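Just so you know, the sequences run in chain order C and H.
Note that this note's numbering has the first sequence beginning at 394, numbered continuously upward.
Note that this note's numbering has the second sequence beginning at 111, numbered continuously upward.
The block underneath contains the structure these notes are about, expressed in structure tokens.
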Amino acid sequence: MASESEDDALLAAMAAGDRNSAAMFVSRHAAAVTGVAYQIVRDRAVAEDVAQEAFLRAWRSAATYDPRRGNARSWLLSISRNAAIDVVRVRQAAPFDPHAMHALLASQAALTSPDDRLVAQADASEVNRALARLPEDQRRALLLATVAGRSAAEVGEIEGIPLGTAKTRIRSALLRIRDALEVEARRGL
Amino acid sequence: MGFDRCLAIREESAAFVLGDSDAHTRADVVGHLDACSSCRWEVSSLAAAVDSMSTLAPPVEPSPGFVERVLAAARADLTLTPDDLAPPVWVSTPLAKPRPVAVVARRRRTLAWLTGGAIVVGLLGAAYQSAILLALGGAAGLLAAAYLGLVTWITHSKARHDIVAAFHSTEVRVDSFWSELEPRLLSRSGLDDRRAGPVVAVRNTALVHFVLSYFLGWALTPVVGLIRLFRGDLAGIEQSPRLAQIVAMQRRGRDHSLRLLVAGATTVAVAGGGTGAAMMMSPGLAAASPAVQTYTVRAGDTLGAIAERYGVSVSSLAQLNGLSDPNLILPGDVLQLAGQAVGAPRSTAATPSAPATPSTGSPPSSAPRPPPSPEQTTLPTRTSSWRARP
């Protein structure tokens with residue numbers, strides 16, 4: 394995708410200290426980063442702070458980012474996810490809201506704006522397809538562990554299953570997703 | 111057997127990539143991954159799968175001003191400010207050169223080396239009455255001149271090649287339109303500025319200061335080169351203040367543009383102010399006064415200014431001289447003024463207009479307008495086209 398190489402170029406310029414590239418990079422990915430953070434911390438103001446911190450961390454390590462490793466966007470989102478988890482693990486998140494879970498599951502199909510749909514389609518649709526092939530309980534466990542950033546113990550609490558079961562479900566689901574995505578990648582989709 | 115170890119590690123790999131393992135396990139995994147490349151692949155592929163899951167999170171627009179907040183936070187973050195390795199250099203701003211492209215900069219550096227070396231060695235030879243040093247200085251000077259000639263020839267042959275290629279013919283009669291194009295091509299020489307700045311009026315004291323800085327810049331170039339050689343680079347040059355001073359002086363000198371000075375000095379000379387030193391700077395540039403019917407363009411002229419000065423219209427000037435683009439007049443162009451009634455000035459919107467009445471007082475700007483006078487000077491045509499700012 395053309396925007397991927399643009400992201401790499403922007404990151405390289407940021408590593409050199411260029412503020413204009415940084416502004417472009419931030420405005421391009423602000424919504425996605427905040428969204429990832431929001432799913433984990435479930436508080437808009439905190440999500441914005443986390444997003445800000447994520448961008449600063451990304452800027453600091455822009456020099457060490459290797460474009461061959463993968464997507465600049467997914468690298469950035471992983472930084473955001475980790476930053477959000479850091480916040481959550483410290484401050485003991487509120488009890489998990491089942492409505493949020495439904496919203497999460499529903500969000501697989503419906504992204505909020507048509508533009509975002511176009512941007513994320515190449516990645517999210519593949520992931521959606523792979524997720525659809527999972528059994529329901531594994532899928533839920535995986536979503537809770539990755540998108541919602543819950544630890545295995547918390548997943549066990551929410552789902553009402555023992556810790557070992559939760560860990561197994563998460564692991565199996567992740568392995569299957571990994572295999573499915575690799576097959577799709579090899580098919581060149 | 112290591113394989114059991116790998117199996118045990120892979121059991122923990124999902125929790126590891128999710129950030130869910132305790133410190134002890136994490137240390138175990140990291141230690142194993144250091145040694146085992148297949149497990150490394152496994153773990154990195156799982157991490158990529160986790161990352162791809164993040165794309166499912168629906169985007170959430172942050173509140174307005176988010177980008178500015180991030181940039182403001184970055185400003186406060188010391189690790190994000192780019193460090194400025196070059197020591198601050200003061201340059202007389204109106205006479206500052208714009209930064210040239212890399213090739214031009216390299217050629218300039220080589221020429222500065224050769225010329226500076228020639229000057230230094232020549233001076234030493236004169237001081238010590240040493241024939242060898244004088245000969246060396248002379249040789250370096252000859253080398254510099256030869257280099258200059260070579261670069262000019264390369265650029266011209268490249269330009270001729272470009273013309274031929276542009277006209278898609280191997281047998282183009284280049285000579286016939288070479289004379290038309292030569293002024294334009296001269297401005298594309300590898301040693302020229304791409305863009306010159308505004309013309310300025312030059313005072314005598316500034317002139318002396320300029321000359322000193324300028325030649326000091328050239329003479330110090332080999333010195334700075336030696337400093338760079340012994341120190342590796344100029345990064346921590348502020349530590350030794352004397353060396354930093356030398357480097358600053360060299361940079362200051364090299365950043366002065368002789369061409370701009372000559373342009374400014376010549377304009378002042380024609381305007382009748384501060385003439386002594388300026389005349390000294392532009393010997394041999396004053397040409398015999400041509401007939402009133404033609405005007406030779408000087409650097410800093412605009413078509414509108416010329417038109418007003420002589421009471422002709424821009425459009426008639428353009429028509430008479432076959433100018434398709436009123437912005438593309440170059441120093442050295444000879445414009446026909448005849449064929450129009452004097453005293454019917456018309457300014458167009460295309461060119462910036464100067465005050466209507468030609469007066470001896472100059473507008474509060476960089477270019478003093480000279481009164482209409484028979485004395486015209488032609489600047490060397492190595493300047494590119496630019497306009498005086500009103």
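Ideal placement from N, C-alpha and C gives every residue a C-beta, glycine not left out.
Note that the structure is a prediction, hence the values are computed from the model and not measured.
Where residue i falls: helix, strand or coil (DSSP)
i      : result
H:L445 : strand
H:T225 : helix
H:T404 : strand
H:N431 : helix
H:R362 : helix
H:S148 : helix
C:N413 : helix
H:Q239 : coil
C:M407 : helix
C:N464 : coil
C:R435 : coil
C:A541 : coil
C:G557 : helix
C:D401 : helix
H:S154 : helix
Straight-line Cα distance separating residue j from residue i
i      : j      : result
H:A186 : H:S123 : 38 Å
C:V548 : C:L537 : 7 Å
H:S154 : C:R412 : 31 Å
H:S323 : H:V357 : 12 Å
C:N521 : H:R341 : 59 Å
C:R569 : C:A541 : 19 Å
C:I433 : H:R115 : 33 Å
H:L253 : H:A222 : 11 Å
H:L117 : H:H142 : 11 Å
C:I551 : C:S420 : 35 Å
H:R120 : C:D572 : 15 Å
H:G259 : H:A417 : 38 Å
C:E397 : C:W468 : 12 Å
H:F176 : H:A183 : 11 Å
H:A236 : H:L244 : 7 Å
H:T412 : H:Q360 : 35 Å
H:L339 : H:A215 : 19 Å
H:V424 : H:P441 : 17 Å
C:R526 : C:E575 : 14 Å
C:A415 : H:A159 : 27 Å
H:R364 : H:V230 : 16 Å
C:F448 : H:H266 : 50 Å
H:E152 : H:I264 : 57 Å
H:N431 : H:L445 : 6 Å
Interface flag, residue i vs chain H, CB-CB below 8 Å
i      : result
C:Y458 : no
C:R562 : no
C:D435 : A quick correction: the sequence has Arg, not Asp, at residue 435 of chain C. Chain H, which has no Cβ nearer than 8 Å to the Cβ of C:R435, makes this no.
C:A416 : yes
C:I478 : yes
C:G549 : no
C:I570 : yes
C:E552 : no
C:R412 : yes
C:A517 : yes
C:V481 : no
8 Å Cβ cut-off: residues of chain H touching residue i
i      : result
C:Q531 : Neighbours of C:Q531 on chain H: none; closest Cβ ~12 Å, over 8 Å.
Cutoff 8 Å: residue i Cβ touching any chain C Cβ
i      : result
H:S148 : no
H:R179 : yes
H:D161 : yes
H:S164 : yes
H:A133 : no
H:F325 : no
H:A329 : no
H:A358 : no
Distance cut-off 7 Å: residue i Cβ against heavy atoms of the ligand FMN
i      : result
C:G557 : Questions concerning the ligand FMN fall outside what the structure shown contains, since it holds no ligand whatsoever.
Chain C contact residues for residue i, given Cβ-Cβ distances below 7 Å
i      : result
H:D130 : S544, A545
H:A125 : A545, K560
H:L156 : L567, R571
H:A167 : G428, V429, Q432, V540
H:F176 : A423, E441
Chain H residues whose Cβ lies nearer than 9 Å to that of residue i
i      : result
C:E399 : Under the 9 Å cutoff, chain H gives no residues; its nearest Cβ is about 17 Å from C:E399.
Within chain C, the residues that residue i reaches when beta carbons sit closer than 9 Å
i      : result
H:D187 : L449, W452, R453
H:P172 : A423, A424, V426, T427, R437, A440, E441, A444, Q445
Contact set between residue i and chain H, taken where Cβ atoms lie within less than 7 Å
i      : result
C:R474 : S164
C:L574 : A159, S162
Inter-stretch contact (C-beta, 8 Å, three-pair minimum) for the stretch 140-156 of chain H and the stretch 395-409 of chain C: no
Three-pair Cβ contact test at 8 Å for the stretch 522-536 of chain C versus the stretch 560-575 of chain C: yes
Three-pair Cβ contact test at 8 Å for the stretch 319-336 of chain H versus the stretch 224-233 of chain H: yes
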